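Student:
Number of protein chains: 2
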Amino acid sequence: MRNKYGAIYHDLADKIIHHIYPVGSYLPSETQLSELYGTSRETIRKALSELLTNGFIQKIRGKGSVVLNLQRFNFPVSGITSYKELNKSLNMHSQTKVLCIEDRHVPVEKFDYQTTHELAATYVERLRTIENDPIVLDHDYILKTVVPHISEEVAADSLYAYFEGKLGLNISYATKTITVEHPTVEETKLLALSADQDVVVIRSRTYLEDTTLFQFTESVHRSDKFNFVDFAQRQKIN
Amino acid sequence: MRNKYGAIYHDLADKIIHHIYPVGSYLPSETQLSELYGTSRETIRKALSELLTNGFIQKIRGKGSVVLNLQRFNFPVSGITSYKELNKSLNMHSQTKVLCIEDRHVPVEKFDYQTTHELAATYVERLRTIENDPIVLDHDYILKTVVPHISEEVAADSLYAYFEGKLGLNISYATKTITVEHPTVEETKLLALSADQDVVVIRSRTYLEDTTLFQFTESVHRSDKFNFVDFAQRQKIN
DNA sequence: CAGTGGTCTAGACCACGCC
DNA sequence: GCGTGGTCTAGACCACTGA
């Protein structure tokens with residue numbers, strides 16, 4: 004924990020999760036917190052602001068910060084979270100089977116991406132199962148310009164852990180679209196779809212901290228298993 | 004524009020939208036901006052932080068703030084935006100037909116909401132069409148405890164505009180889930196669905212600034228017209 | 001009225017990118 | 001070494017809430 008407000012954030016979040024600050028109660032005021040943690044008020048405010056955007060609390064002017072009833076739906080397709088992280092937090096038995104790793108150009112039109120030249124990439128196709136049910140079929144294109152080579156072991160584990168942990172890449176943001184489509188024959192077979200069952204397709208482009216585009220992903224979900232949960236803050240800038 | 008950082012945010016956003024700061028270029032540094040706007044650096048940083056979370060820029064340590072290529076997908080199912088706002092920004096011909104307004108209790112189980120007592124609400128059912136195609140069927144339950152009565156004129160226009168503009172309610176946050184389901188017979192008819200076509204259902208609970216729950220919404224989308232676009236920031240708190 | 005969160009300031013030190 | 005953004009401080013004034 005290098006920075007103070009991160010430490011304070013985690014401390015408060017923990018206390019909320021463990022009901023030391025119960026749902027519906029008020030946190031100590033910002034001035035009180037700043038004394039408690041021996042820091043300035045602005046630093047406390049940064050921590051609170053993180054709690055706010057993550058749905059832990061709601062701040063009310065003139066009153067205080069209320070603890071919200073967070074049925075923590077840490078299933079952020081909305082955030083950027085890898086399958087591995089997801090699965091760890093949900094405690095389910097899951098498997099990842101690598102179906103294919105090979106060099107391919109990115110099919111940019113699928114991703115609504117304009118470019119004049121071909122993008123060389125490592126193509127990884129993986130099937131994700133939870134409790135032996137096939138749930139998601141992932142097609143990843145990782146640009147060669149950023150990551151020249153990917154081994155099968157890495158793909159079977161977690162690409163994100165490898166990119167961030169081993170390669171020191173800093174993944175920063177992504178754009179995603181979610182649509183419902185008719186499956187291909189391959190998808191029908193791999194995902195064990197019933198007749199005429201549609202699939203949910205999430206296509207994303209992922210960028211590094213220095214704004215380098217480095218990955219295209221197409222995630223094909225079984226529609227009956229698909230569940231996206233979101234916490235949305237209404238933003239009024241003024 | 005009451006607060007400075009909001010004004011600065013809008014000014015910078017405008018300049019980015021109108022390519023005064025072109026895509027790929029760097030904004031002036033924070034110290035330069037603070038001199039430009041005659042304000043402190045922290046204030047500039049607040050404005051930049053809004054630009055960051057809204058996908059206008061990416062900040063790079065030791066370098067500066069890069070303007071991102073925002074193909075502004077202002078279709079935030081992800082944010083909380085009403086149909087009217089959405090539609091205005093997309094410049095399409097659309098209609099809202101009110102199918103039903105009546106008093107009903109909220110079917111809380113549908114929304115995964117635990118409560119011991121019945122919730123009295125105004126039920127509003129509306130069909131949204133774009134270019135004469137039925138796109139969305141909305142079922143709204145607005146709690147009587149917050150808004151005792153809703154007229155048909157208001158429902159035909161925009162509920163949000165009415166709540167925020169006329170009633171002075173401050174809508175603050177919402178939880179949403181997105182799933183794919185089989186349509187009811189009524190939905191099949193109203194949305195002109197083809198045989199066996201599934202629907203995308205977005206269920207949300209909306210809260211006011213003072214954390215009062217005040218609305219349940221079930222939005223049934225034609226799956227072939229459904230398109231959800233998201234900009235996701237990877238959050239690393241530490 | 002006192003207490004709360006919202007905004008803003010003028011400074012400081014640090015880690016990082018780059019030359 | 002210089003400029004960048006990231007963090008942090010100790011104050012200040014405001015608008016709002018509730019008694």
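If you read the protein sequences in the order shown, they are chains G and E. Using this note's numbering, the first residue of the first sequence is number 4, and each one after it goes up by one. Using this note's numbering, the first residue of the second sequence is number 4, and each one after it goes up by one. Ideal Cβ positions, reconstructed from N, Cα and C, are used throughout, including at glycine. Just so we're clear, the structure is a prediction, and the values are computed from it rather than from any experiment.
1. Between the stretch 173-201 of chain G and chain E, which residues of the former have a C-beta closer than 9 Å to a C-beta of the latter?
2. For G:T148, is the classification buried or exposed, using 16 other Cβ atoms within 10 angstroms of its Cβ as the cut-off for buried?
3. By Cβ distance below 8 Å, which residues in the same chain neighbour E:S37 in space, the five residues on each side in sequence not counted?
4. Taking the alpha-carbon positions, what's the G:N230 to G:D213 distance?
5. Roughly how many whole angstroms lie between the Cα atoms of E:L51 and G:I153?
6. Report yes if the CB atom of E:S175 is closer than 7 Å to the CB atom of E:L211, and no otherwise.
7. Starting from E:V232, trace the beta strand (DSSP E) in both directions and tell me its first and last residue.
8. Look at the alpha carbon of G:Y163 and the alpha carbon of G:V157, and state the distance between them as a whole number of angstroms.
9. Taking the alpha helix (DSSP H) that E:V188 belongs to, which residues open and close that run?
10. Can you give the Cα-Cα distance for E:D143 and E:T220, rounded to whole angstroms?
11. So with Cβ pairs under 7 Å, would you call E:R237 a contact of chain G?
12. Please report whether the beta-carbon of E:S226 lies at a distance below 7 Å from any beta-carbon of chain G.
13. Please classify G:A198: does DSSP put it in a helix, a strand, or coil?
14. Is there a C-beta anywhere in chain G that falls below 7 Å from the one on E:F234?
15. Can you name, in chain order, every residue of its own chain whose Cβ lies under 7 Å from the Cβ of E:L130, other than the five neighbours on each side?
16. So E:A16 packs on E:F59, CB below 8 Å; how close in whole Å?
17. To which residues of the same chain is E:E105 closer than 8 Å at the C-beta, ignoring the five residues directly before and after it?
18. Is it buried or exposed, E:A198, if we count other Cβ atoms within 10 angstroms and call 16 or more buried?
19. Could you name the residues of the stretch 135-150 of chain G whose beta carbon sits closer than 7 Å to any beta carbon of chain E, in the order they occur along the chain?
20. If the cut is a Cβ gap below 7 Å, which residues of chain G does E:F231 touch?
21. Roughly how many whole angstroms lie between the Cα atoms of E:R225 and E:D201?
22. Would you say G:G82 faces chain E, with C-beta separation under 7 Å as the test?
23. Whole angstroms are fine: how far does the CA of E:Y12 sit from the CA of E:E53?
24. Under DSSP, the beta strand (DSSP E) around E:G9 begins and ends at which residues?
25. Rounding to the nearest angstrom, what Cα-Cα distance links E:L30 and E:I19 in this structure?
26. In chain E, what lies closer than 9 Å to G:E112 by C-beta?
27. In the DSSP assignment, find the unbroken beta strand (DSSP E) run with G:K179 in it and report its ends.
28. So the candidates are E:E128, E:V203, E:F234, E:S222; which of them puts its Cα closest to the Cα of G:D227?
29. Report the residue from G:S97, G:Y165, G:P151 whose alpha carbon sits nearest the alpha carbon of G:E134.
30. Quick one: what's got a C-beta closer than 7 Å to G:T56's C-beta in the same chain, skipping five residues either side?
31. Tell me, please, whether the CB atom of G:I63 is closer than 7 Å to any CB atom in chain E?
32. Could you list which residues in chain G have their beta carbon closer than 8 Å to that of E:T214, in chain order?
33. Below 7 Å on C-beta distance, what does E:V203 contact in chain G?
34. In terms of residues, what are the limits of the beta strand (DSSP E) holding G:I145?
35. Leaving out five residues on either side along the sequence, give the residues of the same chain with a beta carbon under 7 Å from the beta carbon of G:L39.
36. Starting from E:E105, trace the beta strand (DSSP E) in both directions and tell me its first and last residue.
Tutor: Quick answer:
1. Cβ contacts with chain E come from N173, I174, S175, Y176, A177, T178, K179, T180, I181, T182, V183, E184, A198, D199, Q200, D201.
2. Within the first sequence, numbered from 1, the residue matching residue 148 of chain G stands at position 145. Its Cβ having fewer than 16 others within 10 Å, G:T148 is exposed.
3. Taking the second sequence and counting its residues from 1, the one referred to as residue 37 of chain E is at position 34. Only S43, R44, T46, I47 meet the Cβ criterion.
4. Start at 1 with the first residue of the first sequence, and residue 230 of chain G comes out as number 227. Start at 1 with the first residue of the first sequence, and residue 213 of chain G comes out as number 210. C-alpha of G:N230 to C-alpha of G:D213: approximately 32 Å in a straight line.
5. Numbered from 1 along the second sequence, position 48 holds the residue referred to as residue 51 of chain E. Numbered from 1 along the first sequence, position 150 holds the residue referred to as residue 153 of chain G. Distance between the alpha carbons of E:L51 and G:I153: 36 Å.
6. Translated into the one-based positions of the second sequence, residue 175 of chain E becomes position 172. Translated into the one-based positions of the second sequence, residue 211 of chain E becomes position 208. Cβ distance < 7 Å, so E:S175 and E:L211 count as in contact.
7. Taking the first residue of the second sequence as position 1, residue 232 of chain E is located at position 229. That run of the beta strand (DSSP E) goes 231-236.
8. Position 160 of the first sequence, counting from 1, holds the residue named residue 163 of chain G. Position 154 of the first sequence, counting from 1, holds the residue named residue 157 of chain G. Taking the straight line joining both Cα atoms gives about 9 Å.
9. By 1-based counting over the second sequence, the position of residue 188 of chain E is 185. Where E:V188 is concerned, the enclosing alpha helix (DSSP H) stretches over 188-193.
10. Within the second sequence, the letter at position 140 stands for residue 143 of chain E. Within the second sequence, the letter at position 217 stands for residue 220 of chain E. Cα-Cα distance, rounded: 5 Å.
11. The residue you call residue 237 of chain E lines up with position 234 of the second sequence. At least one chain G Cβ lies under 7 Å of E:R237.
12. Taking the second sequence and counting its residues from 1, one reaches residue 226 of chain E at position 223. Closer than 7 Å: yes.
13. Numbered from 1 along the first sequence, position 195 holds the residue referred to as residue 198 of chain G. The answer is coil: DSSP assigns G:A198 none of H, G, I, E or B.
14. Taking the second sequence and counting its residues from 1, the one referred to as residue 234 of chain E is at position 231. For E:F234, the answer is yes, since a Cβ of chain G falls inside 7 Å of its Cβ.
15. Taking the first residue of the second sequence as 1, we reach residue 130 of chain E at position 127. Correct list, in chain order: K100, L102, P137, L140, L193.
16. Here residue 16 of chain E refers to the residue found at position 13 of the second sequence. Here residue 59 of chain E refers to the residue found at position 56 of the second sequence. That belief holds up - the Cβ atoms of E:A16 and E:F59 are roughly 6 Å apart, short of 8 Å.
17. To locate residue 105 of chain E, count along the second sequence from 1; it is residue 102. Counting only Cβ-Cβ distances below 8 Å, and skipping sequence neighbours, we find T125, Y126.
18. Numbered from its first residue, the second sequence carries residue 198 of chain E at position 195. Around the Cβ of E:A198, a 10 Å sphere holds fewer than 16 other Cβ atoms; the residue is exposed.
19. none
20. The residue you call residue 231 of chain E lines up with position 228 of the second sequence. T180, I181, listed in chain order.
21. What you label residue 225 of chain E is simply residue 222 of the second sequence in a count that begins at 1. What you label residue 201 of chain E is simply residue 198 of the second sequence in a count that begins at 1. Near 8 Å, if we compare the C-alpha coordinates of E:D201 and E:R225.
22. Working through the first sequence from its first residue, we reach residue 82 of chain G at position 79. For G:G82, the predicted structure reports a pLDDT of 43, less than 50, and the residue's modelled location is therefore unreliable. A value from the coordinates is still provided. Taking Cβ atoms only, chain E reaches closer than 7 Å to G:G82, which makes this a yes.
23. For the purposes of this step, residue 53 of chain E is taken as residue 50 along the second sequence, with counting starting at 1. For the purposes of this step, residue 12 of chain E is taken as residue 9 along the second sequence, with counting starting at 1. Their backbone Cα atoms lie some 7 Å apart in a straight line.
24. Sequence index remark: in the second sequence, residue 9 of chain E carries index 6 (1-based). Going by DSSP, E:G9 is part of no beta strand (DSSP E) but of the alpha helix (DSSP H) stretching over 7-20.
25. For the purposes of this step, residue 30 of chain E is taken as residue 27 along the second sequence, with counting starting at 1. For the purposes of this step, residue 19 of chain E is taken as residue 16 along the second sequence, with counting starting at 1. If you draw a straight line from the Cα of E:L30 to the Cα of E:I19, it comes to about 9 Å.
26. Walking along the first sequence from the start, residue 112 of chain G turns up at place 109. By Cβ distance, chain E contributes nothing, its closest Cβ being about 15 Å from G:E112, past 9 Å.
27. Numbered from 1 along the first sequence, position 176 holds the residue referred to as residue 179 of chain G. Per DSSP, G:K179 belongs to the beta strand (DSSP E) from 174-184.
28. Locating residue 227 of chain G in the first sequence gives position 224, where the first residue counts as 1. For G:D227, the nearest C-alpha among the options comes from E:V203.
29. As a working note, residue 134 of chain G is residue 131 in the first sequence. Of G:S97, G:Y165, G:P151, the residue nearest in Cα terms is G:S97.
30. For the purposes of this step, residue 56 of chain G is identified with residue 53 of the first sequence, where counting begins at 1. Here the set comprises Q236.
31. Stepping through the first sequence from its first residue, residue 63 of chain G is reached at position 60. So yes, G:I63 belongs to the interface.
32. Locating residue 214 of chain E in the second sequence gives position 211, where the first residue counts as 1. Neighbours of E:T214 on chain G, chain order: Q61, I63, V69, L71.
33. Looking up residue 203 of chain E in the second sequence gives position 200. Here the neighbours are V183.
34. Position 142 of the first sequence, counting from 1, holds the residue named residue 145 of chain G. Residues 136-146.
35. Here the question's residue 39 of chain G lines up with position 36 in the first sequence. Correct list, in chain order: P31.
36. Here the question's residue 105 of chain E lines up with position 102 in the second sequence. 97-108 is the extent of the beta strand (DSSP E) around E:E105.
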